[in-house]
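A.B. asks: If you count by the numbering used here, then the sequence shown holds residues 1491 to 1829, one letter each, in order. Positions of the beta carbon are idealized from the N, C-alpha and C atoms, including for glycine.
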Amino acid sequence: MKILVTGGLGYIGSHVTVMLLQKGVEVISVDNLDNSRIEVLNGIKAITNKEPFFDNLDLRNQNQIQDLFKKHTDIDGVIHFAAYKSVGESVDKPLAYYQNNVGGLLNLLKPLCELNIPLIFSSSCTVYGQALKLPIDENSSVQPASSPYGFTKQIGEQLIKDCCKANSDFKSILLRYFNPVGAHPSAKIGEYPQGIPQNLVPFLTQTVIGKRSLLKVFGKDYDTPDGTCIRDYIHVMDLAQAHIDSIYYLISSNQKFSCETFNVGTGRGFSVLEVIKAFEKTTGESVPYKFTNPRVGDTISAYADVKKIEKQIGWKAKYSLEEALQSAWNWEKEIDKNS
Ligand code: NAD
Ligand code: WQD
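In structure tokens:
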């Protein structure tokens, strides 16, 4: 089997690439290194003793995509990660986000629809906003997007659904991730945030290692058991496995569906304070933190109903929150050692 992974040197793409290579799948990895480093290839090689075919390519460039599909005529499926992902940055640079996340996807969809190559798309729980009912299942309504980033995911989902409707031989799975955290157990690959991390876990690990002075806990008076926001934190290894299971399901089964949406989470919600406590318990490190004002637009509580992916694809998260946080901490120490 030959799979094209876009954004293959990024956080999630690199973990998926490792798992594909370990299964003996041939991987074509493309990335323009906008939010990743070429050294990730060394990490992938160190874990697998194999390497993907790598092309430094920009999905915004239609010619480069055409050349790629001319060079590789036997691609069985595509897992599309390449996009910008910072909610805050998307508010300041909306055009860059629409150009990259929507433009890149449009360019990619052209050959995929023409050649009927199945696609897995990285969507996000952000499409649900603050859902009225918890846990959130796939029928929960999509809320008006609160950021250009979130809107690019909604547009992406719709573009793909429209292509599947127009061509019943083109099939796709839309995966709505909840909150990916953690790193590969080898600590050879992981998340490598540029600048100041916006997400909780990388900010937390950078604080404990001493790169940041204090973790700010955004809000303490929410209507939750301990007053802090609740999320469904999923180990990146579990998330990567969900992609492997989904691409096999998409390619090898004779399913009647053309486009299906699945949540990818653990099904359990943890508050910010619970994350801090779990980190302290598992690593033995203490987390310096203080409460600050709520973050504007924050969702109060979000965790997934995962029955659909369990039943249909047979995937279920295996790792605990503690294992995810321990791996994030091991990775942070590895970054620190090499910096
Ligand atoms: P990431 O930034 O680590 O990886 C994305 C990769 O794509 C980067 O290596 C970047 O250099 C590359 N890239 C970006 N634009 C490109 C282009 N035009 N051409 C070629 N390469 C390009 O992000 P990630 O955390 O691995 O996320 C992967 C996908 O999952 C994204 O689509 C993101 O929106 C989605 N997602 C992420 C999260 C999360 O919290 N990490 C949650 C939900 C959904
Ligand atoms: C988690 C919790 C914060 C940082 C983001 C994107 C979303 C999706 C998932 C891509 C919240 C709290 C955080 C900090 C804190 N990504 N927090 N101090 O908000 O679920 O969503 O990632 O699709 O689109 O918006 O994740 O990690 O930012 O926050 O107290 O310094 O931690 O308030 O409750 P979030 P997050």
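According to DSSP, is residue 1753 part of a helix, a strand, or is it coil?
C.D. replies: Correct three-state label for residue 1753: strand.
A.B. asks: Determine the extent of the beta strand (DSSP E) in which residue 1831 is found, giving its start and end residues.
C.D. replies: Residue 1831 is absent from the structure shown; the chain starts at 1491 and stops at 1829.
A.B. asks: Compare the Cα-Cα distances from residue 1502 to each of 1789, 1725 and 1810 and report the closest residue.
C.D. replies: Comparing Cα-Cα distances from residue 1502 to each of 1789, 1725 and 1810, the minimum goes to 1725.
A.B. asks: Any contact of the region 1528-1537 with the region 1580-1594, i.e. 3+ C-beta pairs under 8 Å?
C.D. replies: Touching, no, given that fewer than three Cβ pairs across the two stretches are closer than 8 Å.
A.B. asks: Enumerate in chain order the residues of its own chain whose CB-to-CB distance from residue 1556 is below 8 Å, with the five nearest sequence positions on each side excluded.
C.D. replies: Within the same chain, residue 1556 has close Cβ partners 1601.
A.B. asks: If you follow the beta strand (DSSP E) that residue 1532 is in, where does it begin and where does it stop?
C.D. replies: Careful: residue 1532 lies outside any beta strand (DSSP E), inside the alpha helix (DSSP H) at 1530-1538.
A.B. asks: Does the Cβ of residue 1590 lie closer than 7 Å to at least one heavy atom of the ligand WQD?
C.D. replies: For the ligand WQD, not one heavy atom lies less than 7 Å from the Cβ of residue 1590.
A.B. asks: Check whether the Cβ of residue 1582 lies closer than 7 Å to any heavy atom of the ligand WQD, and answer yes or no.
C.D. replies: Result no, Cβ not under 7 Å from the ligand WQD.
A.B. asks: What does the Cβ neighbour count give for residue 1756, buried or exposed, with the cut at 16 atoms within 10 Å?
C.D. replies: Buried.
A.B. asks: Helix, strand or coil: how does DSSP classify residue 1679 here?
C.D. replies: Coil at residue 1679, not helix or strand.
A.B. asks: Which stretch, first to last residue, makes up the alpha helix (DSSP H) that contains residue 1646?
C.D. replies: Counting along the chain, the alpha helix (DSSP H) containing residue 1646 begins and ends at 1638-1656.
A.B. asks: Which whole-angstrom value is the C-beta distance of residue 1569 and residue 1610, which I expect to be below 8 Å?
C.D. replies: Between residue 1610 and residue 1569 the Cβ distance is about 5 Å, and since that is below 8 Å, they are a contact.
A.B. asks: Residue range of the alpha helix (DSSP H) that residue 1579 falls in?
C.D. replies: It spans 1577-1582 - the alpha helix (DSSP H) in which residue 1579 sits, taken as one unbroken run.
A.B. asks: Let me check one thing: in DSSP terms, what residues is residue 1780 bridge-paired to?
C.D. replies: Paired residues: 1706.
A.B. asks: Quick one: Cα of residue 1629 to Cα of residue 1700, how far?
C.D. replies: Rounded to whole angstroms, residue 1629 to residue 1700 spans 43 Å at the Cα level.
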